[in-house]
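At position 48 of the sequence shown (counting the first as 1) the number is 255 in our numbering, and the numbers step up by one without a gap.
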Amino acid sequence: MPHSIGSGTISFGLVSIPVKFFTAASSESLSFNQLHGKCGSRIKQQLFCPVCNEKVERSELVKGYEFAKDQYVQLTDEELKSLEGEASKVIDIAEFVPLPKVDPIYFEKTYYLGPDKGGEKAYRLLAAAMAKTDRVAVAKFVMRGKESLVLIRPAQDGLMLHTMYFADEVRNFGEIDKGEAAKIKDGELELALRLVDDLSNTDFTPEQYQADYRLRVLDLVNVKVEGKEVTAAAPQAQRAQVIDLMEALKESLAKRVPRDKKAAVKAKRAEAATEKPEKKAQAAKK
């Protein structure tokens, strides 16, 4: 059973729904320690004040906000604590909106929500109503002293909560050059559409993707732990620079295996997989 990391209450009109929070995803990226190359020991980081030319203990530190270049205003923990949002566990729904109207750029972190004691029926009611109307809920919530904009959506017969960035935290894409000056020919667009269609699938299956770099690093670690000889991997071939866009699109399409042929190959593999046990059994009888 997953471990709950917190609890709260969804306020839906006059209905209150007690819920529990569960971590939905966590990064599996590798982390490394800094070692002294001479002896292999882990190094220790120290805090140092260049003005006083001395080491500083963590108990001597205070928070400072840089309001101008190299100019800081000091803030105490008590002052910051007094400005935090009300320590309320109520997730007060402000509005319901269609999910496609919310740009994924606003999503920050995801939590699973499960009903707490006594909230099972109200939880099911809200999840069903949101799924039936194709709507998601937008609310504000104070989580661990931090005020967050959150979105609650129905998914997998339950509810998920996404913490979100506020509008002023999302940078303006309009300031980025998007290559508007480039002219696209009809033939180039047609080939690009064919290539997109050829690479398209009806479903997204994340299981088919894996973190290749992380796996290669772990393999290397195991090799070193076992004291085996490390073989340097061959450098990856560099992709040729695209000179003619039309030719590049045509070549890409030519290298693609037609979809019907892919289906035939998969069918043959499946047939072969089912035939092997039978052949082995027959060989054993003989």
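Beta carbons are placed, not taken as given, at the ideal position from N, Cα and C, and that holds for glycine. Keep in mind the model is a prediction, meaning the values are calculated, not measured.
query	result
With respect to the alpha helix (DSSP H) encompassing L406, which residues constitute its N-terminal and C-terminal limits?	Segment: none, L406 is in no alpha helix (DSSP H) and carries neither H nor E.
At what residues does the alpha helix (DSSP H) containing A388 begin and finish?	Note, A388: premise wrong, no alpha helix (DSSP H); not H, not E.
Could you give the first and the last residue of the continuous beta strand (DSSP E) run that contains S233?	It is not in any beta strand (DSSP E) - S233 carries neither H nor E in the DSSP assignment.
Sorted by chain position, which residues of the same chain lie with C-beta nearer than 6 Å to V297's C-beta, five sequence neighbours on each side aside?	T216 and S218
Give me, in chain order, the residues of the same chain whose beta-carbon lies closer than 8 Å to that of F255; leave out the 5 immediate sequence neighbours on both sides.	E261, K262 and V263
Which residue or residues does DSSP assign as beta-bridge partners of M367?	Y319 and R360
Note down, in chain order, each residue of its chain lying with its Cβ closer than 8 Å to the Cβ of A490, except the 5 sequence neighbours on either side.	In this prediction, A490 scores a pLDDT of 44, lower than 50, which makes its location untrustworthy; the coordinate-derived value is nonetheless stated afterwards. Nothing meets the Cβ criterion.
How big is the Cα-Cα spacing for K392 and L400?	12 Å
Measure the Cβ-Cβ separation of Y318 and T230 and say whether it is below 8 Å.	yes
Assign G381 to one of three DSSP states: helix, strand, or coil.	helix
Exposed or buried, what is T373 when buried is set at 16 or more other beta-carbons lying within 10 Å of its beta-carbon?	Note on identity: in this sequence residue 373 is Phe, with Thr being the wrong assignment. Looking at its Cβ environment, which holds fewer than 16 other Cβ atoms inside 10 Å, F373 is exposed.
Short check: CB of M350 to CB of A344, under 8 Å?	no
Secondary structure at A346, three-state DSSP: helix, strand or coil?	strand
With DSSP as the reference, label Q253 as helix, strand or coil.	coil
Across which residues does DSSP place G215 in a beta bridge pair?	V226
For L456, count neighbouring C-beta atoms within 10 Å of its own C-beta (all shown protein chains included) and say buried if the count is 16 or more, exposed if not.	buried
Could you pull out every residue in the same chain whose Cβ sits closer than 8 Å to the Cβ of A480, ignoring the five residues on either side in sequence?	With a pLDDT of only 47 at A480, under 50, the local geometry of the prediction cannot be trusted, and no value is derived from it.
Is the Cβ-Cβ distance between G321 and P225 less than 8 Å?	no
Hey, L242 and V424 are a contact pair by Cβ (cut 8 Å); roughly how many whole angstroms apart?	Between V424 and L242 the Cβ distance is about 16 Å, and since that is not below 8 Å, they are no contact.
If P305 and R342 are in contact, beta carbons under 8 Å, what's the gap, nearest whole angstrom?	6 Å
If you draw a straight line from the C-alpha of K251 to the C-alpha of E315, how long is it?	32 Å
Hey, L366 and A334: beta-carbon distance below 8 Å or not?	yes
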